[in-house]
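4 protein chains.
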Amino acid sequence: MVGGGKDAFIGAVHRHAAALDGRYQLVAGALSSTPERSRASGAALGLPPERSYGTWEELLAGERDREDGAEVISIVTPNHMHFPVALGAVQAGFHVVCDKPLVHTMSQAQELEAAVQAAGNVFAVTYNYSGYPLVRQAREMVRGGQLGDIRKVIVEYHQGWLATEQHGKQADWRTDPSRSGPAGALGDIGTHAEQLVSFVTGLHLQEVAAELTRFVPGRALDDDASMLLRFGGGARGLLTVSQIEIGRENDLRLSVFGTQGSLSWRQENPNVLVYDRLDAPRQLLTRGGPGLGTAAQQATRLPSGHPEAFIEAFANIYTGVADDIWARRSGESSEVLYPTIRDGVQGVAFMERVLTSAQEGGRWTAF
Amino acid sequence: MVGGGKDAFIGAVHRHAAALDGRYQLVAGALSSTPERSRASGAALGLPPERSYGTWEELLAGERDREDGAEVISIVTPNHMHFPVALGAVQAGFHVVCDKPLVHTMSQAQELEAAVQAAGNVFAVTYNYSGYPLVRQAREMVRGGQLGDIRKVIVEYHQGWLATEQHGKQADWRTDPSRSGPAGALGDIGTHAEQLVSFVTGLHLQEVAAELTRFVPGRALDDDASMLLRFGGGARGLLTVSQIEIGRENDLRLSVFGTQGSLSWRQENPNVLVYDRLDAPRQLLTRGGPGLGTAAQQATRLPSGHPEAFIEAFANIYTGVADDIWARRSGESSEVLYPTIRDGVQGVAFMERVLTSAQEGGRWTAF
Amino acid sequence: MVGGGKDAFIGAVHRHAAALDGRYQLVAGALSSTPERSRASGAALGLPPERSYGTWEELLAGERDREDGAEVISIVTPNHMHFPVALGAVQAGFHVVCDKPLVHTMSQAQELEAAVQAAGNVFAVTYNYSGYPLVRQAREMVRGGQLGDIRKVIVEYHQGWLATEQHGKQADWRTDPSRSGPAGALGDIGTHAEQLVSFVTGLHLQEVAAELTRFVPGRALDDDASMLLRFGGGARGLLTVSQIEIGRENDLRLSVFGTQGSLSWRQENPNVLVYDRLDAPRQLLTRGGPGLGTAAQQATRLPSGHPEAFIEAFANIYTGVADDIWARRSGESSEVLYPTIRDGVQGVAFMERVLTSAQEGGRWTAF
Amino acid sequence: MVGGGKDAFIGAVHRHAAALDGRYQLVAGALSSTPERSRASGAALGLPPERSYGTWEELLAGERDREDGAEVISIVTPNHMHFPVALGAVQAGFHVVCDKPLVHTMSQAQELEAAVQAAGNVFAVTYNYSGYPLVRQAREMVRGGQLGDIRKVIVEYHQGWLATEQHGKQADWRTDPSRSGPAGALGDIGTHAEQLVSFVTGLHLQEVAAELTRFVPGRALDDDASMLLRFGGGARGLLTVSQIEIGRENDLRLSVFGTQGSLSWRQENPNVLVYDRLDAPRQLLTRGGPGLGTAAQQATRLPSGHPEAFIEAFANIYTGVADDIWARRSGESSEVLYPTIRDGVQGVAFMERVLTSAQEGGRWTAF
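Residue numbers (UniProt numbering), protein chains in the order written: chain A, 1 to 367; chain B, 1 to 367; chain C, 1 to 367; chain D, 1 to 367.
Shown next as structure tokens:
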């Protein structure tokens with residue numbers, strides 16, 4: 001693991017997610033931005049001193065040379081470190097699980113994608129919401145035609161934790177362009193929203209007309225973004241994300257409307273999928289309940305009514321990566337449901353087009 | 001009453017709403033578009049034959065000449081008849097309650113507004129959602145500064161009943177430009193959404209960037225509209241309305257986010273107002289419950305937990321009109337909370353700007 | 001109308017309910033317990049002085065003698081006046097709408113029932129919750145066998161407004177045995193719960209084991225009641241009502257479980273009926289939505305998503321009475337869905353058995 | 001681990017829960033009721049052959065003799081094996097985590113409790129719902145006096161998965177007295193409900209009046225139980241559990257009503273705690289959100305809005321056990337929040353009294 005030391009949020013999530021199904025062991029880390037803090041964090045997590053590295057370069061070199069070296073590198077640093085660490089890990093022959101957004105620019109994204117293709121290893125990007133069983137159910141239903149042709153998609157991601165000038169580790173780097181990249185809320189959560197739409201519907205985004213806003217005085221990056229979307233095939237969409245909506249916690253919602261039916265899902269109540277059909281009563285599909293397809297069933301650990309949540313969904317990404325690594329070893333092919341370098345590149349393209357549209361006064365901007 | 005005969009939807013609502021508080025009596029009608037059907041509908045409603053008129057012109061003339069003539073004319077026709085009937089009623093000295101959208105064009109709107117100002121009578125437009133007690137509570141809180149400065153507004157109006165090529169009286173005229181006017185869903189429900197934002201926040205809409213869509217093949221008017229909004233003072237907004245979202249019934253929602261707090265309200269669950277403050281647990285304000293201001297209390301008939309709903313809110317508009325007429329008679333002034341000709345004109349302006357923006361490729365269009 | 005003067009709660013509800021569909025006109029009243037206050041209340045409601053009576057005896061006599069006299073007497077007094085007024089009205093030949101609980105004792109109930117049978121007129125008891133469209137839908141489904149054989153019923157009625165020693169007109173008489181009768185919460189809301197079960201399921205209550213509690217110090221009547229129920233045919237049940245549950249407003253809930261499916265309904269969200277079938281996804285039936293039977297449709301005024309609520313349900317009782325009176329006049333028979341003297345008598349029997357069981361230490365007590 | 005082999009449900013839950021925080025490693029198992037199946041299950045879970053034992057006796061003997069032997073024995077067998085395995089493990093000096101209900105009879109319970117006291121080791125019973133952060137918040141609030149004196153408690157546990165004659169491993173042993181013990185739904189989920197009340201409120205159950213029912217023909221044990229409760233200090237309660245309520249998944253609910261406020265919590269939506277105070281708007285406390293005490297905070301891994309659920313709550317029991325073992329080693333004392341042998345014994349006492357009351361016709365039966 002690179003990043004994820006003391007006071008980090010997402011590093012601990014990755015560790016829980018990797019541990020849940022017993023498919024991973026944390027064997028080495030370069031957990032912070034200074035060697036001292038890295039080693040202290042490693043000790044706190046019980047890593048042996050010789051595998052608690054001071055820097056990520058040392059980690060890659062050290063683990064590559066061990067017979068029992070790490071097989072998968074988890075990258076959970078602030079965004080600006082994704083590119084060098086990921087590129088290094090890929091080139092050193094590791095499988096990689098990298099947090100989102102992938103990198104800052106399209107040129108970085110393309111360079112990294114080329115390296116991944118050259119290396120031929122697994123590269124997952126933790127768009128973790130695609131790991132929820134009912135998100136996978138939605139995907140199976142939409143792609144199987146149960147909604148008919150898709151007409152409209154609404155995706156929202158509401159947060160409020162940056163409504164004031166926050167201080168603290170999480171807020172600081174996310175509002176600092178040198179570490180967060182060119183986008184604020186757009187990059188942090190807008191890319192999740194975009195990937196969720198793409199994962200579920202398979203629609204291709206063709207044009208976007210966007211408005212980015214910085215509501216908190218003095219903030220260097222957008223903390224709110226709204227945009228109209230046009231997809232291939234005539235579907236239309238709406239995406240809004242915010243980190244200044246007081247009272248909203250982590251309220252990611254998706255609604256997909258087709259000619260035959262529609263679906264709605266909310267991350268904060270993730271064990272229910274609302275399914276409407278033409279001229280029929282609303283149905284509530286529940287994780288583990290009747291009426292679900294194989295994708296949801298395979299991503300489910302517990303019977304219905306025993307809720308699963310964020311870590312379990314996140315673990316589905318990690319376990320999917322483990323399955324794929326094992327399948328590759330035995331020469332089998334497996335359906336890959338975890339987000340890959342492709343999703344990561346698409347997320348960077350999305351950020352760039354949205355930034356362009358917003359800078360040009362909301363002009364419809366093509367992909 | 002003009003319009004509202006057999007098979008009409010909104011006419012019956014107006015009659016229930018006017019009856020609820022015992023402040024109105026239905027005394028005369030020209031209830032349909034042909035004299036025969038008008039008189040048949042009047043008979044069915046128990047009107048005396050001499051006051052069950054064949055045409056609206058006869059009604060205005062007949063009632064003006066009676067000593068016990070009607071005092072208030074309710075106009076509940078399809079949209080294209082609003083202008084001539086309203087103008088006639090105003091010029092004949094009646095108070096008027098007219099359905100929305102007010103008229104088809106700004107020139108009609110301005111002519112009508114001038115006539116209303118000249119006559120000096122009451123002219124209400126039934127933007128009925130502003131009659132809900134908790135909508136009035138939201139208005140009082142926002143305008144009293146409880147949310148701080150408003151940053152963002154999201155208003156949504158989701159319906160699905162026009163998802164297919166419907167036939168039937170309600171669907172037919174609403175999708176026919178000659179009767180519905182230049183806008184479809186935008187005029188029918190988009191104007192409700194716009195007025196709700198204006199009523200609650202008092203923000204002035206300055207620019208709009210819009211996308212209108214006709215999803216159902218062969219439809220002559222938009223059945224879906226989404227747009228980005230810019231308000232005076234730097235607030236931003238998002239408005240989406242649709243009549244093709246399968247499974248959505250009459251799902252009007254408003255969220256208002258300020259620097260100190262936020263509010264959310266849903267028409268389908270109208271007795272709860274969600275109130276969030278910075279760093280404090282969410283509060284649920286309930287109609288009739290603790291913590292409400294005078295506006296909500298005055299619009300409330302029943303104790304908390306005894307739900308009030310659509311007709312009761314609609315009745316608050318009618319009763320507000322009755323109160324105002326009585327206040328004017330006794331030379332008193334009363335706070336007017338019911339929507340007036342001003343709201344009606346603003347709605348027509350809104351339609352025009354949105355149509356312009358959409359026709360010009362989503363260009364930001366100023367008010 | 002007898003009772004329902006200034007500061008009364010339920011009288012105004014009856015007036016709204018009667019007015020809503022335009023089937024009733026308030027023509028006379030004896031609205032309070034003293035002649036002076038009665039006449040003042042009558043004047044405030046716009047009754048002509050000669051029909052604003054000082055006492056209920058004067059009202060019955062006066063209206064009986066008028067050619068245009070009242071046809072239906074609404075009794076909305078505190079409970080202890082139900083018996084004399086109802087008996088007088090029935091014997092004077094009026095149709096009667098009487099609030100619940102019907103009377104204080106079984107001997108009163110039987111005397112009144114005999115009088116009603118002798119007179120042959122309409123006698124409705126305002127168990128108003130049976131007027132909700134989706135309650136009628138539930139009845140139709142249960143009685144039509146859609147749930148299979150009924151196994152278990154849970155009915156709850158949670159209120160909190162008497163959690164402290166309240167003062168005020170509503171609280172005072174309800175906690176005073178001389179006016180409220182022998183039961184407190186049990187009579188006030190427990191009888192609603194019992195009637196709702198009976199209305200929906202048609203099950204016959206055979207035994208009850210009850211616990212009544214007075215939580216607020218100094219209170220003379222129960223403010224909380226819980227009991228186990230045994231029905232004919234082997235079904236079991238649970239009934240709990242309370243007026244000391246802080247935060248609960250008017251939270252009446254019913255769940256019915258059968259061998260093939262189950263239904264759940266909540267009064268505070270009355271436009272949704274939750275329907276579960278064996279091994280199938282949950283369905284949400286909505287008032288006005290797809291999948292409803294004729295009983296619900298006939299009790300519905302508005303399209304789905306345009307919520308109806310407490311007054312509308314109450315009005316369905318009044319309108320049902322009006323329909324029945326008209327049907328009787330024309331010699332037709334109509335299905336009677338409004339609660340009758342039978343329901344009223346059953347409610348008194350229920351109170352008596354529960355009081356007996358509670359006094360005997362929760363012993364199973366037969367009906 | 002003893003039990004928890006192929007097709008078991010709760011064994012996998014224990015493994016996820018133990019793994020989540022990285023505090024446990026599965027090192028040995030006797031996972032099924034036959035040696036062959038035990039060893040096959042052990043192999044499937046990656047246990048080394050020499051620690052994949054054929055029987056629990058071999059496991060206890062083998063691990064006791066190893067220097068690196070297991071420290072904690074998880075007992076996840078059907079109920080009838082809890083007693084011998086737990087007694088053996090305690091006497092062999094292991095710490096124990098045992099599923100509920102603890103044992104079949106009070107004499108077993110007392111013998112086991114004496115053994116635990118003699119051995120002085122940790123003995124946890126996985127009443128896992130007490131591990132939810134907001135359940136701990138409720139406990140802290142109730143015990144800290146925020147609700148005033150407790151008046152009424154309602155606890156419900158609704159399931160429907162045994163509504164028909166099921167076949168399958170889970171259903172079979174739970175409806176077989178020789179493996180499940182003398183109680184069906186009462187033991188399986190009623191004991192959870194009882195412990196939840198006790199954990200949150202600290203109230204002492206003094207009397208119970210119960211009705212047990214076997215709804216499914218041919219079933220040897222109750223599948224539904226309802227009862228009235230009397231607690232020390234005058235509080236009253238209601239407990240209902242069922243496994244035949246079609247459509248209900250795992251719907252455990254608790255409501256606690258005091259003289260100053262009330263709380264409500266639902267297991268299926270566990271990240272919200274509803275908090276009502278006298279004459280104040282309802283508050284929604286969210287896990288990780290503002291207004292929470294230390295108990296909830298310490299049981300929380302993720303920020304608000306990132307839901308935690310069943311496994312995370314279960315893991316809080318396991319991690320609490322690990323904390324306590326470490327604290328004991330270093331001679332420290334720690335507050336024990338995980339359920340202990342005491343809770344287990346109390347659950348058996350509860351079952352016995354309820355069975356007695358039900359057999360004696362619902363008589364109030366004392367503890």
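Think of the CB as a built atom: it goes at the ideal place given N, C-alpha and C, for glycine as much as any other residue.
Sequence-distant residues of its chain with Cβ nearer than 8 angstroms to residue i (five each side left out)
| i | result |
| --- | --- |
| Val142/A | Ile150, Val200, Thr201, Gly202, Val256, Gly258, Leu263 |
Backbone secondary structure at residue i - three-state DSSP
| i | result |
| --- | --- |
| Met81/A | helix |
| Leu186/B | helix |
| Ile154/B | strand |
| Ser357/C | helix |
| Met141/B | helix |
Rounded distance between the beta-carbons of residue j and residue i, thought under 8 angstroms
| i | j | result |
| --- | --- | --- |
| Leu112/A | Phe83/A | 7 angstroms |
| Asn121/D | Val90/D | 7 angstroms |
| Thr340/B | Phe123/B | 6 angstroms |
| Tyr129/B | Leu252/B | 6 angstroms |
| Leu229/B | Leu205/B | 6 angstroms |
| Val216/C | Asp223/C | 6 angstroms |
| Gly42/C | Leu31/C | 6 angstroms |
Rounded C-alpha distance that separates residue i from residue j
| i | j | result |
| --- | --- | --- |
| His104/C | Glu57/C | 20 angstroms |
| Ala109/C | Leu355/C | 16 angstroms |
| Tyr53/D | Glu352/A | 58 angstroms |
| Val96/C | Leu59/C | 14 angstroms |
| Leu292/A | Leu186/D | 30 angstroms |
| Gly261/D | Ile154/C | 25 angstroms |
| Ile343/D | Trp265/B | Note that residue 343/D is Asp in the sequence shown, not Ile. Their backbone Cα atoms lie some 44 angstroms apart in a straight line. |
| Asp172/B | Trp161/B | 12 angstroms |
| His14/C | Ala17/A | 59 angstroms |
| Gln170/C | Ala322/C | 29 angstroms |
| Pro48/C | Val272/B | 40 angstroms |
| Asp324/A | Pro177/D | 44 angstroms |
Contacts around residue i, its chain only, beta-carbon distance under 6 angstroms, and the 5 residues preceding and following it disregarded
| i | result |
| --- | --- |
| Trp364/D | Glu207, Ala209 |
| Ala299/D | Pro133, Arg136, Asn316 |
| Gly320/A | Leu337, Tyr338 |
| Ser38/B | Ala30, Leu31, Ser32, Gly54 |
| Glu249/C | none |
Pair within 8 angstroms by beta-carbon distance, residue i and residue j
| i | j | result |
| --- | --- | --- |
| Pro270/D | Gly288/D | no |
| His158/D | Glu211/D | no |
| Ala225/C | Val241/C | yes |
| Met1/B | Leu26/B | yes |
Residues near residue i in its chain [Cβ-Cβ closer than 7 angstroms; skip 5 each side]
| i | result |
| --- | --- |
| Asp276/B | Gly261, Ser262, Arg282 |
| Met106/D | Val348, Ala349, Glu352 |
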